[in-house]
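Below: one structure, written as structure tokens.
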Amino acid sequence: MKLIAQNSSIRVFFRTIIVLAAFIHAFPLRAADAPTTEELLQRIKSLEQEVKELRDKVEHPTAPSGPALSISQPQQQQNLPQQTSGSATNSTPAFTAGPNGFSFQSEESNFVIAMHGLVQTDSRTFFTDDKVKGNDTFLLRRARPIISGTVYKDFDFLFTPDFGGNTVQIVDALANYRLEPELQLQVGKMKPPVGLEALQPEQYTFFNERTLATDLLPYRDIGVELHGDLFGGVISYATGIFNGVADNVTTTTNSDFDNNKGFDGRVFFQPFKKTSIAALQGFGVGVAGTYQLDSGSTNNNTTTGLTQGFVTEGQQKFFTYSNSVASTGVHTRITPQGYYYWGPFGLMGEYVANSDHVSNFAKKITSANLENTAWEISGGYVLTGEKDSYNGVTPRHPFSPFNGQWGALQLVARYSELDVDKKAFKGFADSGTSASEAGAWAIGLNWYLNSNIRVNTSFSRTTFEGGNGAKATVTKQPEEVLFTRLQLSF
């Protein structure tokens with residue numbers, strides 16, 4: 048109220064001065080100095096401009112330290128906030144809002160907090176026999192508020208709960224110390240540095256669900272990781288110590304049931320990233336692997352280190368181990384991987400070799416070393432010409448039908464295959480209900496209305512070898528599924 052009163056007084060004061068000035072200019076004391084009509088019109092125009100400038104100053108005062116609010120579009124969204132140097136250009140607190148979320152930052156950008164979100168609403172429609180098919184359903188696949196930030200310039204954090212599905216869980220909770228881009232230390236719950244497709248953010252994948260190859264890899268784990276980018280990202284590396292989770296495990300608890308840990312590592316090369324060869328800048332190749340020593344047993348219903356089962360693209364289990372089986376020795380994975388992006392074309396693929404020593408604790412303990420393998424290749428082409436990348440597609444012309452703009456359309460296709468070691472069916476799994484091999488192809492169309500909203504539709508067909516016993520369900524016949532998705536991400 049006090050400020051309003053002061054502003055009113057200032058307005059009256061300036062208007063009084065302006066009226067007096069106009070009177071003196073228009074009616075001089077000496078008739079000999081009387082201005083012409085043209086001069087009076089010029090003076091009136093000048094006075095009107097002065098009045099406008101004074102009114103703007105009174106009604107929109109500027110703080111001595113500069114503007115306190117800045118609205119702009121931030122750079123491309125990352126899991127962690129944009130990294131800033133000690134000599135930031137902003138000298139005042141700022142708020143930014145744009146397609147990639149909202150952020151607040153302090154003076155010199157030493158403290159930053161950013162808010163993002165991901166919501167995916169899916170449908171699955173199965174075309175197989177009603178007696179063995181999956182459930183036709185709508186589901187909230189993911190609903191994630193994402194909070195990231197920086198404190199004291201060099202310490203980043205990421206916190207991501209997920210309210211999708213049937214349970215509420217924390218999928219990411221980590222802190223990262225950024226000494227230099229080449230040397231960073233990350234601690235908490237995160238994606239282990241292993242699978243190429245698994246490491247890709249969920250909002251950028253070609254299809255609703257990941258391939259069969261990801262069934263043989265860890266998906267999230269708790270641990271500590273050393274990582275960095277060398278030569279401006281030409282070489283990226285990551286290595287860490289983790290609790291060590293089973294294949295196809297998307298969540299881990301806050302406790303570990305044994306003293307054994309997993310060692311994960313990955314190195315990835317983009318040799319042409321900094322060159323002027325445009326056709327090769329999007330080429331990358333690397334290799335990743337894990338090593339862990341499991342000491343599981345079936346005591347107290349604990350099967351440490353053993354997968355809960357391999358699933359199809361329709362998320363139905365087509366292979367499970369017997370209840371009395373556990374992982375009891377060295378468990379290793381190695382996965383060569385690569386991608387290539389050039390203009391509207393994108394291609395990625397990886398191969399997984401998974402070696403796991405398992406034991407059956409039934410009447411007589413038996414053990415075997417099982418060699419399971421999988422591979423996948425996925426590709427896409429943006430029909431409207433936009434550039435494809437590992438981090439998705441941004442439409443040149445966001446959806447606006449009244450302006451003749453329709454966003455971007457992308458055609459995608461893939462094939463993946465998983466082979467279970469035949470030794471698994473000699474006392475460790477039931478060949479009548481579990482398949483020894485699965486192969487899946489899929490084709491789809493992705494519509495990017497803008498950088499925040501995407502609509503997917505795809506069809507997938509999975510065939511099986513084995514698992515044809517009387518009690519078989521999923522593996523009794525091929526799985527055919529139509530997927531749709533409405534995605535909001537920012």
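Numbering-wise, the numbering used here puts 425 at position 378 of the sequence shown, and it's gapless, one number per residue. Cβ atoms here follow ideal geometry from the backbone N, Cα and C, with glycine treated the same way.
Quiz item: From this set, Leu263, Ala335 and Ser425, which residue's C-alpha is nearest Phe366's C-alpha?
Solution: Minimum Cα distance to Phe366 is reached at Leu263.
Exercise. Quick one: give me the first and last residue of the beta strand (DSSP E) that Ala220 is part of.
Key: Looking at the DSSP string, the run of the beta strand (DSSP E) that includes Ala220 is Gln216 to Glu227.
Quiz prompt | Asn497 CB to nearest heavy atom of the ligand GDP below 8 Å | solution = As presented, the structure is devoid of all ligands, the ligand GDP included, so that no description of it is given.
Quiz item: Thinking just about the alpha-carbon of each residue, which of Leu186, Val198 and Tyr428 is nearest to the one in Gln152?
Solution: When Leu186, Val198 and Tyr428 are compared, the shortest CA-CA separation from Gln152 is found for Val198.
Practice problem: Closer than 6 Å by C-beta to Gly287: which residues in its own chain qualify, once you throw out the five before and the five after it? Chain order, please. | Solution: Once the five neighbours on either side are set aside, the close Cβ partners of Gly287 are Gly270, Val271, Glu272 and Asp311.
Quiz prompt | Exposure label - Thr258; buried when at least 16 CB within 10 Å | solution = Buried.
Self-check item: Cα-Cα separation, Ser505 to Thr431
Solution: For the pair Ser505 and Thr431, the Cα-to-Cα distance works out to about 19 Å.
Exercise. Within the same chain, show all residues whose beta-carbon is closer than 8 Å to that of Asp209, passing over the 5 residues directly before and after it, in chain order.
Key: So the list reads Arg189, Ala190, Arg191, Val215, Gln216, Ile217 and Val218, once near-sequence residues are dropped.
Quiz item: In whole angstroms, what is the alpha-carbon distance linking Asn223 and Lys200?
Solution: When the Cα atoms are used, Asn223 and Lys200 turn out to be separated by approximately 11 Å.
Quiz item: What does a CB cutoff of less than 7 Å around Phe446 pick up in its chain, not counting 5 residues either side in sequence?
Solution: So the list reads Gln452, Trp453, Gly454, Leu496 and Asn497, once near-sequence residues are dropped.
Quiz item: Is the distance from the Cβ of Gln534 to the Cβ of Val166 below 9 Å?
Solution: A distance below 9 Å separates the beta carbons of Gln534 and Val166.
Self-check item: Asn54, DSSP secondary structure in three states
Solution: With a pLDDT of 49 at Asn54, under the threshold of 50, the modelled position of this residue cannot be trusted; read the value that follows with caution. In this structure, Asn54 counts as helix in the three-state DSSP scheme.
Quiz prompt | Own chain, CB closer than 7 Å to Phe537, minus 5 neighbours either side, in chain order | solution = Pro146, Asn147, Gly148, His163, Gly164 and Asn499.
Self-check item: Endpoints, the alpha helix (DSSP H) within which Ala245 is located
Solution: Element bounds for Ala245: Leu243 to Leu246.
Quiz item: Roughly how many angstroms separate the alpha carbons of Thr184 and Ala141, rounded to a whole number?
Solution: One Cα belongs to Thr184, the other to Ala141, and the distance between them is close to 44 Å.
Quiz item: Is it buried or exposed for Asp169, if we count other Cβ within 10 angstroms and need 16 for buried?
Solution: Classification for Asp169: buried.
Practice problem: Could you tell me whether the Cβ atoms of Ala415 and Phe511 are closer together than 9 Å? | Solution: No; because the gap between Cβ atoms is not below 9 Å, this pair is not in contact.
Quiz item: Considering Tyr284, what are the terminal residues of the beta strand (DSSP E) in which it resides?
Solution: Its beta strand (DSSP E) spans residues Ile282 to Phe289.
Quiz prompt | Opening and closing residue of the beta strand (DSSP E) in which Asp435 lies | solution = Element bounds for Asp435: n/a, residue is neither H nor E.
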